[in-house]
Structures are given as C-alpha cells and as structure tokens.
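Residue numbers (mature numbering (1 follows the signal peptide of the UniProt record, and there is no 0)): -20 to -1, 1 to 223.
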C-alpha cells in the first residue's frame, strides 16, 4: 500500500470515526493475537456539549498513545474536532442515540509491535490492520440509555446544508487540514440515514414543527417508530452480537 492509499484510509476514517462504524470499514475489529496485550474497553464516545471535551480526550489515555490515534491527532486533529463540534451543534439529544456511539480497545506489543507506527519499525509492517478494535455501545455501557432510538437532529440547521435533513456534507466543518485531493471523497461519504418527523409544538399546540431523525450506518430510522433498524444486507456493526 502506497502513501496515497494510506492517507485515503485515514481520511475516510476521519468522518466515520465520530458517528458510527469506524475501523470496521478498513481494518479487522477483532482483538488480534498479533498483539501481546489489548487495553480494556474505553468509554463510549459522544459529543460532549457540557464540558466541550474533545473527541481525542474522550478516548482512553492508553489509546491516545497508540500510533494510529497519535497519527490521526497530529495530522487531522483539527478537522476531526471540527466535525465532532458540528455534530454536537446539530444534535438535539444530549445522550447517545442513533447507534452512533462506539468504544475502543488498542493493541500493544507482540511480534508485530502493534502500538508502534509501521513507519517506525525496521523493515516496515503492513499499514493494515490498525490494531484498533471497536464495539458499538450497548445499553449497559450507556447506563441504561437505549441508542436504538434514532437521533433527533435540528431540522433548520440541517436545511442550511442545502436539502431537507441533509446531515452531510456541511460547509461548517473545516476540512482545510485535509489534502484537497481527498476533500471531495470525504464530502461524498454516506454514513447516515435521516428522515423527517413532524411533531406538535407543546407551546403552540396547533403548530407542527419538523425534526430530523437519524441513524448511523449500518442502521436506518423506521418511519413509524423512529427506532433504528439494521439495513438489509449491510454489514453487522462490530460488537452488536456480543453479550
């Protein structure tokens, strides 16, 4: 794999890493035996509007020191945080929803020296796998929160993106840190599905207001229940079938 392809993998990960299936798209999500140790599962990641905790600072400290996340932070940290902040600004939900919250575990040691960059190892190493494992967060991980409920997203804010309930791409996200050749690809990523819900405004009972209901890939909102359901023939979210 050449450097251009490596960069492309990282770029695609950049967007998907905040809202949905992450490393599963490009790398094995299992805790490979190539590594001598794997970190315990970190916290479930979600936009923190109360304390404005960055995406990288929500990841466990040990994963922050892993080569992959260090590379993401150093090379694309500004763009990643801009995307993360944008998501926090349009979400009405304060808690996890839409099957978008994941947790991570990072591999260390072993013959492959899992925690070190392939560029730091004498003789090199395949760029993939990343040796980052991910699982979708379940109710027990989220202190009882059921993220099968689709996210409620601000209808008016998404309309500023040019279409009804268009969550992405968004000009509000600063991608200037990303190589121009990859910006078009990032903007074309389809990592979510949204539909419109009409709700009665409780203050003005006769007035209906619109809200967007969204789920992250590989899920979509049910138009009747507004619960997330798995998209037929789509890959399974990592960790969904584990107890």
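Note that CB positions come from ideal geometry on N, CA and C, so glycine has one too.
| Check | Outcome |
| --- | --- |
| C-alpha distance - residue 23 paired with residue 176, whole-angstrom precision | 31 Å |
| Straight-line gap, residue 190 to residue 64 (C-alpha atoms, nearest Å) | 24 Å |
| Bridge partner(s) assigned by DSSP for residue 113 | 85 |
| Through-space distance from residue 94 to residue 12, alpha-carbon basis | 10 Å |
| The region 112 to 119 touching the region 74 to 82, judged by at least three CB pairs closer than 8 Å | yes |
| Neighbour-count burial assignment, residue 113, 16 or more Cβ in a 10 Å radius | buried |
| When 169, 165, 144 and 152 are compared against residue 66, the one with the closest alpha-carbon | 152 |
| Alpha carbon of residue 59 to alpha carbon of residue 203, nearest angstrom | 33 Å |
| CA-to-CA distance, residue 159 to residue 144, given in whole angstroms | 29 Å |
| Where residue 188 falls, given that 16 or more other Cβ within 10 Å makes a residue buried | exposed |
| Nearest-angstrom Cβ-Cβ length linking residue 76 and residue 26, presumed shorter than 8 Å | 5 Å |
| CB contact check: residue 36 to chain D, cutoff 9 Å | In the displayed structure, chain D is absent; only one protein chain is listed. |
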